[in-house]
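A.B. asks: First, the structure itself, so that you have it in front of you.
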Amino acid sequence: SQQGEEDPQALSIQEGENATMNCSYKTSINNLQWYRQNSGRGLVHLILIRSNEREKHSGRLRVTLDTSKKSSSLLITASRAADTASYFCATGPLNTDKLIFGTGTRLQVFP
Amino acid sequence: GAVVSQHPSWVICKSGTSVKIECRSLDFQATTMFWYRQFPKQSLMLMATSNEGSKATYEQGVEKDKFLINHASLTLSTLTVTSAHPEDSSFYICSAPQGARSPLHFGNGTRLTVT
């Protein structure tokens, strides 16, 4: 399977703390994207990092990409209870438009 | 922003019946749409790529005669689960990119329960 793996599978933190999620993938990619899913809903795109980029920021989000290790991390700083959701990385294999999703991290932020 | 509408949001059907799920891009044209399936507390598994005006491309292990996909216009793709069985119960989500290699816009999903 091409599906990537994320760790941890679940993460519980207090409001104000930082949350870090890691993603590993298997094939060469065009880009890597992070999505968020609230329970029972569709996914919302958070951030896209291209294969020639190493780090990207968007608000409280910071994403890194290491193509040599085929890995990425998502850091959410100063977390809020509203950040509680599942987070998925997704990779776009070369020469395709489809996205393959990782196994996901369930983040719980306690107020 | 780009919106993808999926309908119905939930459906309960009896074993042996067929169910059609619609996915519409509301403010952009989508020559390609993707159908995913998600079991509880698991990730999304890509089922197939829906191509406007041509046959869908199915992922390995997905039965094309079981999951019929039609992409008749630039804004509508449908997934029909034929002769549904309880093991088909799942959360089905469609998505579409607004352009090549761009992020996906997701519908809100359809929860299918087969009794």
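Respectively, the protein sequence lines represent chains V and W.
Numbering follows my numbering, with no gaps: position 78 of the first sequence is 78.
Count along the second sequence starting at 1, add 111, and that's the number in my numbering.
A virtual CB, placed ideally from N, CA and C, is assigned to each residue, including glycine.
Can you tell me whether DSSP reads residue 83 of chain V as helix, strand or coil?
C.D. replies: For the purposes of this step, residue 83 of chain V is identified with residue 83 of the first sequence, where counting begins at 1. Helix, per DSSP.
A.B. asks: State the beta-bridge partners of residue 136 of chain W as determined by DSSP.
C.D. replies: Residue numbering aside, residue 136 of chain W sits at position 25 when the second sequence is read from its first letter. Residue 136 of chain W pairs with W:115.
A.B. asks: Name the chain V residues that come within less than 8 Å of residue 220 of chain W, Cβ to Cβ?
C.D. replies: Counted from its first residue, the second sequence places residue 220 of chain W at position 109. Result: 40, 41 and 42.
A.B. asks: Quick one: residues in its chain with C-beta nearer than 6 Å to the C-beta of residue 38 of chain V, no 5 flanking neighbours on either side, listed in chain order?
C.D. replies: Translated into the one-based positions of the first sequence, residue 38 of chain V becomes position 38. So the list reads 85, once near-sequence residues are dropped.
A.B. asks: Please confirm if residue 102 of chain V has its CB atom under 8 Å from at least one CB of chain W.
C.D. replies: Here residue 102 of chain V refers to the residue found at position 102 of the first sequence. Residue 102 of chain V counts as touching chain W.
A.B. asks: Does the beta carbon of residue 7 of chain V sit closer than 8 Å to a beta carbon anywhere in chain W?
C.D. replies: Against the first sequence, residue 7 of chain V aligns to sequence position 7. Taking Cβ atoms only, chain W never reaches closer than 8 Å to residue 7 of chain V, which makes this a no.
A.B. asks: Check whether the Cβ atoms of residue 123 of chain W and residue 224 of chain W lie closer than 8 Å to each other.
C.D. replies: Here residue 123 of chain W refers to the residue found at position 12 of the second sequence. Here residue 224 of chain W refers to the residue found at position 113 of the second sequence. Yes. Within cutoff.
A.B. asks: Cutting at 7 Å between CB atoms, please list the residues of its own chain near residue 219 of chain W, excluding the five before and the five after it.
C.D. replies: On the second sequence, position 108 is the one that residue 219 of chain W refers to. Answer for residue 219 of chain W: 117 and 120, listed in chain order.
A.B. asks: Can you pull the DSSP bridge partners for residue 55 of chain V?
C.D. replies: Taking the first sequence and counting its residues from 1, one reaches residue 55 of chain V at position 55. Looking at the DSSP assignment, residue 55 of chain V forms a beta bridge with V:64.
A.B. asks: May I ask you to report which of helix, strand or coil DSSP gives residue 176 of chain W?
C.D. replies: Numbered from 1 along the second sequence, position 65 holds the residue referred to as residue 176 of chain W. Residue 176 of chain W falls in the coil class under three-state DSSP.
A.B. asks: List the residues of chain W whose Cβ lies closer than 7 Å to the Cβ of residue 16 of chain V, in chain order.
C.D. replies: On the first sequence, position 16 is the one that residue 16 of chain V refers to. In chain order: nothing, as chain W lies at least about 27 Å away.
A.B. asks: Would DSSP call residue 199 of chain W helix, strand or coil?
C.D. replies: By 1-based counting over the second sequence, the position of residue 199 of chain W is 88. Three-state DSSP puts residue 199 of chain W in a helix.
A.B. asks: Counting only beta-carbon atoms, is residue 95 of chain V nearer than 8 Å to chain W?
C.D. replies: Counted from its first residue, the first sequence places residue 95 of chain V at position 95. It does not; no Cβ of chain W falls within 8 Å.
A.B. asks: Please list the partners that residue 214 of chain W has in chain V, where partner means a Cβ-to-Cβ separation under 8 Å.
C.D. replies: Position 103 of the second sequence, counted from the first residue, corresponds to residue 214 of chain W. The answer, in chain order, is 33, 45 and 48.
A.B. asks: Verify the CB distance criterion: does residue 52 of chain V have a CB-CB separation below 8 Å to chain W?
C.D. replies: Position 52 of the first sequence, counted from the start, is the residue given in the question as residue 52 of chain V. Closer than 8 Å: no.
A.B. asks: Within a Cβ cutoff of 8 Å, which residues of the same chain sit near residue 94 of chain V, ignoring the five residues on either side of it in sequence?
C.D. replies: Residue numbering aside, residue 94 of chain V sits at position 94 when the first sequence is read from its first letter. For residue 94 of chain V, where only same-chain residues beyond five positions count, the Cβ hits under 8 Å are 27, 28, 29 and 30.
A.B. asks: Could you tell me the distance, in whole angstroms, from the CA atom of residue 71 of chain V to the CA atom of residue 25 of chain V?
C.D. replies: As a working mapping, residue 71 of chain V is identified with position 71 in the first sequence. As a working mapping, residue 25 of chain V is identified with position 25 in the first sequence. Taking the straight line joining both Cα atoms gives about 6 Å.
A.B. asks: Less than 8 Å separating the beta-carbons of residue 79 of chain V and residue 109 of chain V?
C.D. replies: Numbered from 1 along the first sequence, position 79 holds the residue referred to as residue 79 of chain V. Numbered from 1 along the first sequence, position 109 holds the residue referred to as residue 109 of chain V. In contact: residue 79 of chain V and residue 109 of chain V (Cβ atoms closer than 8 Å).
A.B. asks: Is residue 208 of chain W buried or exposed, if buried means 16 or more other CB atoms sit within 10 Å of its CB?
C.D. replies: Here the question's residue 208 of chain W lines up with position 97 in the second sequence. The residue in question, residue 208 of chain W, is buried, as its Cβ has 16 or more Cβ neighbours within 10 Å.
A.B. asks: In the DSSP output, which residue or residues are listed as bridge partners for residue 92 of chain V?
C.D. replies: Along the first sequence, one-based indexing puts residue 92 of chain V at 92. Beta-bridge pairing links residue 92 of chain V to V:31.
A.B. asks: Could you spell out the range, first to last residue, of the beta strand (DSSP E) harbouring residue 73 of chain V?
C.D. replies: Against the first sequence, residue 73 of chain V aligns to sequence position 73. Start and end: 71-76.
A.B. asks: Tell me the DSSP bridge mates of residue 5 of chain V?
C.D. replies: Sequence index remark: in the first sequence, residue 5 of chain V carries index 5 (1-based). Note: residue 5 of chain V sits in a beta bridge opposite V:24.
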